[in-house]
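Peer 1: Here it is, the structure, as structure tokens.
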Amino acid sequence: MSAADFSISPSLNANLNEKTALKYGFTTVQDDSALGNPWFQLNTLKRDVPITPNAYEEYNCNGGESFKIEGEVYSTVTGKKNKDSTNVETLQIGIGIYGKKENGDPRWDMCYFTLNENIGRLNAYLTLPDNVRKFGINIQINGTSDFSGILKVRNIKVTRMTDNSLIVNGSITSNKITTDNIAGTNGWINLRSGLFDYGNGKLKWDGKSLTVAGSGTFAGEITAKSGKIGKYRISSDYLITGSGSTCTGMGGNQAFWAGSNDSNNAPFHVSYDGSLYASKANISGTINSTDGSIGGWKIENSSIYVRSTDGLKQTSLNSDSQKIEFKLTRPASAESDESSSFLNISNSNLSPYIELGWMTKDYDGNAYWGNRNYISEDSIAISSKADIDSSVTISSYDIVLSSNGNKLTIRPGYLEFENGGSISPDCLEFENGVKISQNQNVLWSGADYINENQKISLDGNKNISKQLSGICLAFAHFDRSNNSVQWYGMHYYFVPKSAVAVNNGGGTAFTDPYRGMNKYLYIYNDKILGTKQNGTNGSEGGFSYDNRNWVLVKVFGV
Numbered sequence: 099m100s101a102a103d104f105s106i107s108p109s110l111n112a113n114l115n116e117k118t119a120l121k122y123g124f125t126t127v128q129d130d131s132a133l134g135n136p137w138f139q140l141n142t143l144k145r146d147v148p149i150t151p152n153a154y155e156e157y158n159c160n161g162g163e164s165f166k167i168e169g170e171v172y173s174t175v176t177g178k179k180n181k182d183s184t185n186v187e188t189l190q191i192g193i194g195i196y197g198k199k200e201n202g203d204p205r206w207d208m209c210y211f212t213l214n215e216n217i218g219r220l221n222a223y224l225t226l227p228d229n230v231r232k233f234g235i236n237i238q239i240n241g242t243s244d245f246s247g248i249l250k251v252r253n254i255k256v257t258r259m260t261d262n263s264l265i266v267n268g269s270i271t272s273n274k275i276t277t278d279n280i281a282g283t284n285g286w287i288n289l290r291s292g293l294f295d296y297g298n299g300k301l302k303w304d305g306k307s308l309t310v311a312g313s314g315t316f317a318g319e320i321t322a323k324s325g326k327i328g329k330y331r332i333s334s335d336y337l338i339t340g341s342g343s344t345c346t347g348m349g350g351n352q353a354f355w356a357g358s359n360d361s362n363n364a365p366f367h368v369s370y371d372g373s374l375y376a377s378k379a380n381i382s383g384t385i386n387s388t389d390g391s392i393g394g395w396k397i398e399n400s401s402i403y404v405r406s407t408d409g410l411k412q413t414s415l416n417s418d419s420q421k422i423e424f425k426l427t428r429p430a431s432a433e434s435d436e437s438s439s440f441l442n443i444s445n446s447n448l449s450p451y452i453e454l455g456w457m458t459k460d461y462d463g464n465a466y467w468g469n470r471n472y473i474s475e476d477s478i479a480i481s482s483k484a485d486i487d488s489s490v491t492i493s494s495y496d497i498v499l500s501s502n503g504n505k506l507t508i509r510p511g512y513l514e515f516e517n518g519g520s521i522s523p524d525c526l527e528f529e530n531g532v533k534i535s536q537n538q539n540v541l542w543s544g545a546d547y548i549n550e551n552q553k554i555s556l557d558g559n560k561n562i563s564k565q566l567s568g569i570c571l572a573f574a575h576f577d578r579s580n581n582s583v584q585w586y587g588m589h590y591y592f593v594p595k596s597a598v599a600v601n602n603g604g605g606t607a608f609t610d611p612y613r614g615m616n617k618y619l620y621i622y623n624d625k626i627l628g629t630k631q632n633g634t635n636g637s638e639g640g641f642s643y644d645n646r647n648w649v650l651v652k653v654f655g656v
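Set out below in structure tokens:
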């Protein structure tokens, strides 16, 4: 039997299409993700829905023949599966061949979809009994009543298998074929000219250009010397988009670049050997470099250094020798050899030291010390050719510094000068009799804002003029939530007695913009007066403060 003898056309491209959908009780629903391949939604849900003009006797057959059943479905249909059931459940959707036997009795042969997230595709085979002579094509909801939900189908095909060959009935008919041309519902191809158009322009060749309107996968080599890829213009050497400061590109003189039409002068470019240039960069993470420069600092193996333009000043850091060196060189002249002054800080071999002085280099390149001062963990060496030849001796108890017969002895609890004067734990005494005592008095203690109604008295020996140098005011943080002083973030302010002597009662500000403190006090020789702002919050001079978080806790005589 040939395709011409078998006139079944039960596919979406045949019996169920946009023209016949309403006839069979469906509404056409376009699919934006598959243009030209719409869904057909069943308007009224019922068990059996024929999609051939005659549900049982549309086509003749010999009996015992096999058919391939294909299609797609979208279903959220629920209902009662059996007439006596009380449960409403998700129901199966099937495509069936409904036939009539030789004696006129009906026959139903079904293939059901397997749904995954409401979507199902069917590709199945079935064989009719030998006594079936006529049949039609139906869609079935495998239930009895109380149907609800949505049912959509498309691409329904029933194909007769004859002599192991596939016959797709209704897919190509005489009215679709003209001279050199094959046309379908959603496209055509001209076999002589090679022109084609599928999906109303989605895939099209007009003899000059190929249009692909949608996503796709291309295998093999694609060669283009003009046109665009996304927003990038194609040339024979590179891809480029934008212009000026918004320009970016790939290929040509540089592998990548951005910020200029000229890739060689772009503020960012990467060459083919991996060299990177960036006029601006914010880089985090690990940077490994054994050469180059950073902000004028030259990188060289395990060291980094910076040198002045005249080459005479140099600062260097060396990780191998664990040394920081500051060096100033005086070039050689007719009057003197080359010399360099330096300051070195080192932790070589876990033996830290500080070294400063100068070194001379003669015309033969030989270097020798001119002056060297050295401080290490266990020794101090100080030398000067100008006017001091000093030595320092450190023992368990004494440190003795001597120069030209003058000696300073430092021992636990006592410092003694050979020509008069001493320092002891209680007092610093000068040769002229002036003494400075280490004892410091607390002139006042409390925890007050020191507002306009508060006063600190400094009577008698507490007068500022009777202190060694003046007074020191200590402020502490105040936690208003539990009304307590918090002894952290302490602020100490020194007021010289000489300043009070020349400006008795002068207003003095005690501020910390970072921590929001802005106190203002009037300092007299015998008293301290507060102001209203000391117990308030506000802003002044561009910063905000909250004086309620700070209280004066001590006034020391120093």
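Take any residue in the sequence shown, note its place counting from 1, add 98, and you have its number in the numbering used here.
Note that beta-carbon positions come from the ideal geometry of N, C-alpha and C, so glycine has one too.
Predicted, not measured: the structure shown is a model, and the values here were computed from it.
According to DSSP, what are the bridge partners of Thr184?
Peer 2: Stepping through the sequence shown from its first residue, residue 184 is reached at position 86. None, per the DSSP bridge assignment.
Peer 1: Among the residues of its own chain, which have a CB less than 8 Å from the CB of Pro594, if the five just before and after it don't count?
Peer 2: The residue labelled residue 594 in the question sits at position 496 within the sequence shown. Excluding residues within five positions, the ones whose Cβ falls inside 8 Å are Ser567 and Gly568.
Peer 1: Taking only the alpha-carbon atoms, compute the straight-line gap between Pro429 and Lys396 and give it to the nearest angstrom.
Peer 2: As a working note, residue 429 is residue 331 in the sequence shown. As a working note, residue 396 is residue 298 in the sequence shown. Answer to the nearest angstrom: the Cα atoms are 22 Å apart.
Peer 1: Taking Leu226 as the reference, which of Lys250, Ile248 and Ile195 has the closest Cα?
Peer 2: As a working mapping, residue 226 is identified with position 128 in the sequence shown. Answer by Cα proximity: Ile195.
Peer 1: With distance defined between alpha-carbon atoms, name the residue in Leu619, Thr629 and Pro611 nearest to Phe641.
Peer 2: As a position in the sequence shown, residue 641 is number 543, starting the count at 1. If you compare the alpha carbons of Leu619, Thr629 and Pro611 with that of Phe641, the shortest gap goes to Pro611.
Peer 1: Out of curiosity, what's the CA-to-CA distance linking Val335 and Gly342?
Peer 2: By one-based count along the sequence shown, residue 335 stands at place 237. By one-based count along the sequence shown, residue 342 stands at place 244. Before going on, a small fix: residue 335 reads as Asp here, not Val. Going from the Cα of Asp335 to the Cα of Gly342 covers about 19 Å.
Peer 1: In its own chain, which residues sit with a C-beta less than 7 Å from the C-beta of Glu638, not counting the 5 before and 5 after it?
Peer 2: Position 540 of the sequence shown, counted from the start, is the residue given in the question as residue 638. Listed in chain order, the non-local C-beta contacts of Glu638 below 7 Å within the same chain comprise Asn616, local neighbours out to five positions each way being set aside.
Peer 1: Are there three or more Cβ pairs, one per stretch, closer than 8 Å when the stretch 213-224 is compared with the stretch 153-160?
Peer 2: no
Peer 1: Quick one: give me the first and last residue of the beta strand (DSSP E) that Val583 is part of.
Peer 2: Locating residue 583 in the sequence shown gives position 485, counting from the first residue. That run of the beta strand (DSSP E) goes Ser582 to Pro594.
Peer 1: Which residues share a DSSP beta bridge with Ala67?
Peer 2: As displayed, the chain neither begins before 99 nor continues past 656, which places residue 67 out of reach and without an answer.
Peer 1: Based on Cα-Cα distance, which residue from Val175, Leu189, Asp146 and Asp182 lies nearest to Asp207?
Peer 2: Position 109 of the sequence shown, counted from the start, is the residue given in the question as residue 207. Minimum Cα distance to Asp207 is reached at Asp146.
Peer 1: Which residue or residues does DSSP assign as beta-bridge partners of Tyr622?
Peer 2: Here residue 622 refers to the residue found at position 524 of the sequence shown. Looking at the DSSP assignment, Tyr622 forms no beta bridge with any residue, so it has no partner.
Peer 1: What's the gap between the Cα of Phe354 and the Cα of Glu168?
Peer 2: Within the sequence shown, numbered from 1, the residue matching residue 354 stands at position 256. Within the sequence shown, numbered from 1, the residue matching residue 168 stands at position 70. Approximately 51 Å between the Cα atoms of the pair.
Peer 1: Hey, how far is the Cα of Val653 from the Cα of Val583?
Peer 2: Within the sequence shown, residue 653 is the residue found at index 555, counting from 1. Within the sequence shown, residue 583 is the residue found at index 485, counting from 1. Approximately 16 Å, taken between the alpha carbons.
Peer 1: Around the Cβ of Lys560, are there at least 16 other Cβ atoms within 10 angstroms (buried) or fewer (exposed)?
Peer 2: Stepping through the sequence shown from its first residue, residue 560 is reached at position 462. It counts as buried.
Peer 1: Identify the continuous beta strand (DSSP E) that holds Phe211 and give its terminal residues.
Peer 2: On the sequence shown, residue 211 is found 113 positions in, with the first residue counted as 1. For Phe211, no beta strand (DSSP E) run applies, since DSSP gives it neither H nor E.
Peer 1: If I follow the unbroken beta strand (DSSP E) through Ile191, where does it start and stop?
Peer 2: The residue you call residue 191 lines up with position 93 of the sequence shown. Ile191 to Lys199 is the span of the beta strand (DSSP E), which, as asked, contains Ile191.
Peer 1: Phe124: which of Glu170, Ala572, Ser444 and Asn115 sits nearest, CA to CA?
Peer 2: Within the sequence shown, the letter at position 26 stands for residue 124. Comparing Cα-Cα distances from Phe124 to each of Glu170, Ala572, Ser444 and Asn115, the minimum goes to Asn115.
Peer 1: Please state if the CB of Tyr547 and the CB of Cys570 are separated by a distance shorter than 7 Å.
Peer 2: Position 472 of the sequence shown holds residue 570. Position 449 of the sequence shown holds residue 547. In this structure, Cys570 keeps its C-beta atom at 7 Å or more from the C-beta atom of Tyr547.
Peer 1: Mind listing, in chain order, the continuous beta strand (DSSP E) runs of no fewer than 3 residues lying wholly within the stretch 211-261?
Peer 2: 217-225, 230-239, 243-246 and 249-260
Peer 1: Taking the straight line between their C-alpha atoms, what separation do you get for Ser358 and Ile327?
Peer 2: Your numbering for residue 358 matches position 260 in the sequence shown. Your numbering for residue 327 matches position 229 in the sequence shown. Each residue's alpha carbon lies about 20 Å from the other.
Peer 1: Does the distance from the C-beta atom of Ser400 to that of Ser373 stay below 7 Å?
Peer 2: The residue given as residue 400 occupies position 302 in the sequence shown. The residue given as residue 373 occupies position 275 in the sequence shown. No, they are not a contact pair.
Peer 1: Specify whether the stretch 132-152 and the stretch 178-186 touch according to this definition: at least 3 beta carbon pairs, one from each stretch, less than 8 Å apart.
Peer 2: no
Peer 1: Using the C-alpha atoms, what's the distance from Ala119 back to Thr184?
Peer 2: Position 86 of the sequence shown, counted from the start, is the residue given in the question as residue 184. Position 21 of the sequence shown, counted from the start, is the residue given in the question as residue 119. Going by the C-alpha atoms only, they are around 33 Å apart.
Peer 1: Give the DSSP bridge partners of Thr407, in chain order.
Peer 2: Here residue 407 corresponds to residue number 309 of the sequence shown, with the count starting at 1. For Thr407, which the question treats as bridged, DSSP gives no partner whatsoever.
Peer 1: May I ask you to report which of helix, strand or coil DSSP gives Ile422?
Peer 2: Start at 1 with the first residue of the sequence shown, and residue 422 comes out as number 324. Strand.
Peer 1: Under 8 Å by Cβ, that's how I've got Arg331 and Ile338 pegged, so tell me the actual separation to the nearest angstrom.
Peer 2: Stepping through the sequence shown from its first residue, residue 331 is reached at position 233. Stepping through the sequence shown from its first residue, residue 338 is reached at position 240. Contact holds; Cβ gap of about 5 Å.
Peer 1: Once the 5 residues before and after Thr277 are set aside, which same chain residues still bring their CB inside 8 Å of it?
Peer 2: By 1-based counting over the sequence shown, the position of residue 277 is 179. Model confidence at Thr277 stands at a pLDDT of 49, short of 50, so the residue's coordinates are unreliable and nothing is read from them.
Peer 1: How would you call Tyr658, buried or exposed, if buried means at least 16 neighbouring beta carbons within 10 angstroms?
Peer 2: Given that the chain is displayed from residue 99 to residue 656, the structure contains no residue 658 and the question cannot be resolved.
Peer 1: Below 8 Å on the Cβ atoms is my guess for Ala311 versus Lys300; work out the distance and round it to an integer in Å.
Peer 2: In the sequence shown, the residue the question calls residue 311 occupies position 213. In the sequence shown, the residue the question calls residue 300 occupies position 202. That belief holds up - the Cβ atoms of Ala311 and Lys300 are roughly 5 Å apart, short of 8 Å.
Peer 1: Exposed or buried, Gly636, counting other C-beta atoms within 10 Å across all chains shown (16 or more means buried)?
Peer 2: The count along the sequence shown starts at 1 and reaches residue 636 at position 538. Exposed is the call here.
Peer 1: Which residue wins for smallest C-alpha separation from Ser377, given the options Val368, Ile385 and Thr384?
Peer 2: As a first step, residue 377 must be located in the sequence shown, where it is residue number 279. Comparing Cα positions, the closest option is Val368.
Peer 1: Please determine, among Tyr451, Val230, Gly241 and Ile254, the residue with the shortest C-alpha to C-alpha distance to Glu170.
Peer 2: Taking the sequence shown and counting its residues from 1, one reaches residue 170 at position 72. Of Tyr451, Val230, Gly241 and Ile254, the residue nearest in Cα terms is Ile254.
Peer 1: What three-state label does DSSP hand Ser474 in the structure shown?
Peer 2: Here residue 474 corresponds to residue number 376 of the sequence shown, with the count starting at 1. Residue state, collapsed to three classes: strand.
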